Every structure is written in C-alpha cells, then in structure tokens.
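Participant: One structure is given below, represented as structure tokens, and several questions about it will come after.
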Amino acid sequence: AIKHNDQTRQFHLVLIFTSHGIQAPKEEEMAALKLAARYPLSIVIVKTGSSPDKALETLALGKGRFFDNVTLVDYKDVAAKDAKTREDYMALQCMKKIPTQYAILKKKQ
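Note that the sequence shown ends on residue 109 in the UniProt record's numbering; no numbers are left out.
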C-alpha cells in the first residue's frame with residue numbers, strides 16, 4: 001500500500017488488519033504499521049482476542065503520524081451488541097473516521 005501510495009498519491013486506501021491479541025505483534029509487524037501510519041492511509045485494526053494489546057493501543061494513540069489515521073476496534077465490544085445491530089455497529093466502528101480522514105487527505109493534495 002505504501003509503494004502504491006508513493007507512486008500515485010491519488011487514492012485513499014483502507015487497510016484492515018486482524019489481531020488475535022494472544023501474542024503481541026512482532027517487531028517487524030509493528031515497524032510496518034508505524035511506517036504505514038505516516039502515510040495518507042486509513043488503517044483499521046480489528047482486535048479479535050481477549051487479551052490486552054498495549055502495542056496496538058499505543059499505535060492507535062501514537063504521535064508522528066501523517067494525521068489521525070489509525071482506528072482500533074475491539075471485537076469483544078462488537079460481539080457484546082444485540083445480534084440485530086452487531087453488523088451495523090461493526091461497520092460504524094471500522095469506518096467512523098474515514099470521512100474526516102478523506103477530507104483531510106483531499107485538502108493536503
């Protein structure tokens with residue numbers, strides 16, 4: 001995604017990662033996420049495990065990014081919702097920052 005963005009600078013990309021939360025992301029994975037967080041990309045991380053993941057939480061709150069482009073969604077919060085609204089809630093949590101992020105990117109181009 002970074003290479004594509006470097007070449008085109010025309011697209012707002014959405015990356016969705018799933019973290020099982022059982023083990024912390026490997027050092028090279030975190031380095032790649034930190035690098036991607038400096039680019040005009042929307043990064044959505046869905047945490048599916050029950051254990052706390054401080055590395056991902058730190059990334060979501062991190063400094064030195066291009067703009068606020070990392071969203072961390074905890075799937076256990078989604079699963080706790082009523083079955084009738086769970087799918088909509090998941091979509092909302094994953095995409096809630098995208099309109100603002102897209103507007104910021106358009107202004108910076």
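A virtual CB, placed ideally from N, CA and C, is assigned to each residue, including glycine. All of these numbers come straight from a predicted model, not from anything done at the bench.
Specify the secondary structure class of LYS76 as computed by DSSP and reduced to three states.
Facilitator: DSSP places LYS76 in helix when its eight states are reduced to three.
Participant: Assuming VAL78 and ILE45 are in contact, meaning their beta carbons sit under 8 Å apart, how far apart are those beta carbons, in whole angstroms?
Facilitator: Contact flag wrong, Cβ pair sits at about 13 Å.
Participant: Alpha carbon to alpha carbon, how far is LYS26 from PRO99? Give it in angstroms, no decimals.
Facilitator: Cα-Cα distance, rounded: 30 Å.
Participant: Measure the beta-carbon distance from LYS47 to TYR89 and round it to whole angstroms, keeping in mind my assumption that it falls under 8 Å.
Facilitator: In fact, because the Cβ distance is near 15 Å, the residues do not count as touching under 8 Å.
Participant: In this structure, how does DSSP classify THR85 when only helix, strand and coil are distinguished?
Facilitator: In the structure shown, THR85 sits in coil (DSSP, three-state: anything other than H, G, I, E or B).
Participant: Report all residues from its chain with a CB closer than 6 Å to the CB of ILE16; omit the five preceding and five following residues, and keep chain order.
Facilitator: VAL44.
Participant: Enumerate in chain order the residues of its own chain whose CB-to-CB distance from ILE104 is below 6 Å, with the five nearest sequence positions on each side excluded.
Facilitator: Around ILE104: PHE67.
Participant: Using the three-state DSSP reduction, which class does THR58 fall into: helix, strand or coil?
Facilitator: Of the three classes helix, strand and coil, the one that applies to THR58 here is helix, per DSSP.
Participant: Is it buried or exposed, ALA36, if we count other Cβ atoms within 10 angstroms and call 16 or more buried?
Facilitator: By the neighbour-count rule (16 or more Cβ atoms within 10 Å), ALA36 is buried.
Participant: Apply the 10 Å Cβ neighbour rule to GLN7 and answer buried if 16 or more other Cβ atoms are within range, or exposed otherwise.
Facilitator: Under this definition GLN7 is an exposed residue.
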